[in-house]
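> Heads up: the sequence shown begins at 34 in our numbering, then just goes up one per residue.
Quick one: this structure, given as structure tokens, is what I'll be asking you about.
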Amino acid sequence: MTHAPLPTARLGAHGPEVGVQGLGCMGMSFGYGPSDARESRATLERALELGVTLYDTADAYGAGDNERFLAPFLAAHRDELVIATKFALSIPPDRPTERVIRNDPPYIRQAVEASLKRLEVDVIDLYYMHRRDVNVPIEETVGVMAELVREGKVKHLGLSEVTAAELRAAHAVHPIAAVQSEWSLFSRDIEAKVVPAAAELGVALVPYSPLGRGFLTGSFARAEELTEGDFRRQQPRFTGENAAANAALLEPVRAVAAAHGASLAQIALAWVQQRAEAHGLPVIPIPGTRRPGRVEENVTAATIRLTEEELGLLDPIAEQVAGGRYADMAFTSAGRE
Ligand SMILES: NC(=O)c1ccc[n+]([C@@H]2O[C@H](COP(=O)([O-])OP(=O)(O)OC[C@H]3O[C@@H](n4cnc5c(N)ncnc54)[C@H](OP(=O)(O)O)[C@@H]3O)[C@@H](O)[C@H]2O)c1
């Protein structure tokens, strides 16, 4: 199948130019049930062929497994792509199933060395703070991240799930290239404060879970359809009455998809990508998939143009969603602002 070249967008004023859609690699090693490593590797390669250049991982995805999994692919294509990873979800040595948020300088220094080693690279292109530890001043956290840039261990800085105030304070210490937060037809809370702040500061937005963790594609309608161990089984939006109510909200998405001869996934991605124009900032969603055919499908979303009338059908969905995007919203930007 031939595809039109994927348009590009810049990550922040000084950051790299990347394909306007990235690839979320988390599910290849963590969270979403069993994966086929061969198919995941083929997905990484197919994405690159199609112009996807921003690859997203984190040290927390499978306690380093996802970074290790990406290493051979990175070695083969180092100059063709931008690798983004994250720190902050530490594993206490005596409680391996728990995660503790840490933003303190000694922890960050240890985390970056471990990620560099697992990814088998000399430098991380985009290094994110994954979650905010409110006990450490953001200036201190970004201060040490900026030192990593000066030392050549990291090229650009990003923040995930920060408030507008935290973003402003961080950006005053060192330019922030990207904010990564959940943003989709089902999750629009960041549009109130975080997105306008990013637009004002010249920071790009990297929406995670732009497919609502798969729910917006219609591929599952309730938690019970997911395999044991899939962490979505615990998410409030996919369980019990919430799941049934939320599945009904997909009707307008189906109608718009039918009008375009497109899939639900493509409409969900076209919608989030088109928010770039509404807010005046670069928006580079990172849908997660482990299947080459789905990358092809998802990339094509960049060519879909939704009309004002269609946006009028899709925009009100988020305010009707039942259940929070996490069981504990304290760790999200919305939970703090
Ligand atoms: N910063 C953070 O706190 C944070 C949090 C969560 C995620 N992330 C990042 O964001 C990335 C994306 O988020 P996500 O994976 O949670 O959610 P997502 O992109 O909204 O959805 C991923 C799910 O959708 C399925 N899918 C993908 N394309 C599809 C298509 N065309 N048709 C049907 N199903 C499709 C995938 O299944 P298959 O894999 O089987 O195709 C997977 O189950 C992650 O990989 C991770 O890198 C960051």
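Idealized CB from N, CA, C, for every residue including glycine.
Remember, it's a predicted structure, so these values are computed and weren't measured experimentally.
Does the distance from the C-beta atom of valine 328 to that of threonine 76 stay below 8 Å?
If you number the sequence shown from 1, residue 328 lands on position 295. If you number the sequence shown from 1, residue 76 lands on position 43. Yes, the pair counts as a contact, with Cβ atoms nearer than the cut-off.
> Which complete beta strand (DSSP E) runs does the stretch 207-243 hold, if anything under 3 residues is left out?
List check, beta strand (DSSP E) in window: 211-215 and 237-241.
> Which of helix, strand or coil does DSSP assign to aspartate 98?
Here residue 98 refers to the residue found at position 65 of the sequence shown. Helix.
> Shortest alpha-carbon distance to lysine 150 belongs to which of Lys186, Gly66 and Glu72?
If you number the sequence shown from 1, residue 150 lands on position 117. When only C-alpha atoms are compared, the closest one is Lys186.
> In terms of DSSP beta bridges, what is histidine 110 paired with?
As a position in the sequence shown, residue 110 is number 77, starting the count at 1. Answer is none; histidine 110 lacks a bridge partner.
> Hey, is the stretch 249-264 in contact with the stretch 49-59, meaning 3+ C-beta pairs nearer than 8 Å?
No contact exists between the stretch 249-264 and the stretch 49-59.
> Please list the terminal residues of the continuous alpha helix (DSSP H) segment that includes arginine 43.
Indexing the sequence shown from 1 puts residue 43 at position 10. It is not in any alpha helix (DSSP H) - arginine 43 instead sits in the beta strand (DSSP E) that spans 41-43.
> Are the stretch 156-173 and the stretch 121-128 touching, with three or more C-beta to C-beta distances below 8 Å?
These segments touch.
> Using the C-alpha atoms, what's the distance from glycine 294 back to glutamate 131?
Along the sequence shown, one-based indexing puts residue 131 at 98. Along the sequence shown, one-based indexing puts residue 294 at 261. Taking the straight line joining both Cα atoms gives about 44 Å.
> On a Cα-Cα basis, can you pick out the residue from Val286, Pro49, Gly95 and Ala291 that is closest to valine 305?
Taking the sequence shown and counting its residues from 1, one reaches residue 305 at position 272. The residue with the shortest Cα to Cα distance from valine 305 is Val286.
> Under 8 Å, Cβ to Cβ, is there at least one residue of chain D near valine 167?
The structure shown has no chain D; it contains just one protein chain.
> Which residues does DSSP pair with phenylalanine 120 in a beta bridge?
Counting from 1 along the sequence shown, the entry for residue 120 is found at position 87. Bridge partners of phenylalanine 120: Met162.
> Three Cβ pairs or more, each shorter than 8 Å: is that satisfied between the stretch 194-206 and the stretch 274-284?
With the cut-off at 8 Å, the stretch 194-206 and the stretch 274-284 do not touch.
> Compare the C-alpha of arginine 183 against each of Ala197, Ala198 and His207 and name the closest.
Position 150 of the sequence shown, counted from the first residue, corresponds to residue 183. Nearest C-alpha to arginine 183: His207.
> Can you list, in chain order, the residues of its chain with a C-beta nearer than 8 Å to that of threonine 260? Leave out the 5 residues immediately preceding and following it.
Taking the sequence shown and counting its residues from 1, one reaches residue 260 at position 227. Taken in chain order, the residues that qualify are Gly66 and Pro67.
> In three-state terms, what does DSSP make of tyrosine 140?
Along the sequence shown, read from residue 1 onward, the residue named residue 140 stands at position 107. Helix, per DSSP.
> Pick from Arg308, Ile319 and Ala334: whose alpha carbon is nearest that of serine 296?
Locating residue 296 in the sequence shown gives position 263, where the first residue counts as 1. Ranking the options by Cα distance to serine 296, first place goes to Ala334.
> Taking 7 Å as the line, does the beta carbon of tyrosine 160 fall inside it for any heavy atom of ligand 1?
Taking the first residue of the sequence shown as position 1, residue 160 is located at position 127. Answer for tyrosine 160: no, Cβ out of range of ligand 1.
> Is alanine 237 close to ligand 1? I mean its beta-carbon at under 7 Å from any heavy atom of the ligand.
Within the sequence shown, numbered from 1, the residue matching residue 237 stands at position 204. Outside the cutoff, so no.
> Consult DSSP for serine 73 and reduce its assignment to one of helix, strand or coil.
Counting from one through the sequence shown, the residue named residue 73 turns up at place 40. DSSP places serine 73 in helix when its eight states are reduced to three.
> Taking serine 242 as the reference, which of Ala231, Glu258 and Arg221 has the closest Cα?
Locating residue 242 in the sequence shown gives position 209, counting from the first residue. The residue with the shortest Cα to Cα distance from serine 242 is Arg221.
> When every heavy atom of ligand 1 is checked, does at least one fall within less than 7 Å of the C-beta of asparagine 331?
The residue labelled residue 331 in the question sits at position 298 within the sequence shown. Result yes, Cβ under 7 Å from ligand 1.
> In the DSSP assignment, find the alpha helix (DSSP H) that holds histidine 293 and state where it starts and stops.
Counting from 1 along the sequence shown, the entry for residue 293 is found at position 260. 284-293 is the span of the alpha helix (DSSP H), which, as asked, contains histidine 293.
> Am I right that alanine 117 and aspartate 92 are in contact with their C-beta atoms under 8 Å? What's the rounded C-beta distance?
Sequence index remark: in the sequence shown, residue 117 carries index 84 (1-based). Sequence index remark: in the sequence shown, residue 92 carries index 59 (1-based). About 12 Å separates the two Cβ atoms, so there is no contact after all.
> Mark glutamine 299 as exposed unless 16 or more other C-beta atoms lie within 10 angstroms of its C-beta, in which case mark it buried.
As a first step, residue 299 is located in the sequence shown; it is residue number 266 there, counting from the start. Per the 10 Å Cβ criterion, buried.
> So what does DSSP say about isoleucine 300, is it helix, strand or coil?
For the purposes of this step, residue 300 is taken as residue 267 along the sequence shown, with counting starting at 1. Isoleucine 300 falls in the helix class under three-state DSSP.
> Answer yes or no: do serine 214 and isoleucine 223 have a C-beta to C-beta separation smaller than 8 Å?
Locating residue 214 in the sequence shown gives position 181, where the first residue counts as 1. Locating residue 223 in the sequence shown gives position 190, where the first residue counts as 1. Cβ atoms of serine 214 and isoleucine 223: closer than 8 Å.
> Could you spell out where the beta strand (DSSP E) holding glutamate 50 opens and where it closes?
The residue given as residue 50 occupies position 17 in the sequence shown. First-last of the beta strand (DSSP E) with glutamate 50: 50-52.
> How is the beta strand (DSSP E) around glycine 391 delimited, first residue to last?
An answer regarding residue 391 cannot be provided, because it is not within the stretch 34 to 370 covered by the chain.
> Buried or exposed for alanine 108, please, with buried defined as at least 16 other CB atoms from any protein chain shown within 10 angstroms of its CB.
In the sequence shown, residue 108 corresponds to position 75, counting from 1. Exposed is the call here.
> CB glutamine 307 to CB leucine 346, shorter than 8 Å?
For the purposes of this step, residue 307 is identified with residue 274 of the sequence shown, where counting begins at 1. For the purposes of this step, residue 346 is identified with residue 313 of the sequence shown, where counting begins at 1. Not closer than 8 Å, so no.
> Just tell me which of Asp137, Glu194, Pro38 and Ala70 has its CA closest to the CA of arginine 324.
Locating residue 324 in the sequence shown gives position 291, counting from the first residue. Nearest of Asp137, Glu194, Pro38 and Ala70 to arginine 324, Cα basis: Ala70.
> Could you name the residues that DSSP lists as bridge partners for aspartate 89?
As a first step, residue 89 is located in the sequence shown; it is residue number 56 there, counting from the start. Answer is Gly57 and Ala117.
> Is histidine 163 a contact residue of ligand 1, with contact defined as CB to any heavy atom under 7 Å?
Counted from its first residue, the sequence shown places residue 163 at position 130. Yes, ligand 1 has a heavy atom inside 7 Å of this Cβ.
> DSSP has glycine 321 in a bridge; who is on the other side?
Position 288 of the sequence shown holds residue 321. In the DSSP output, where bridge partners are listed per residue, glycine 321 has Gly57.
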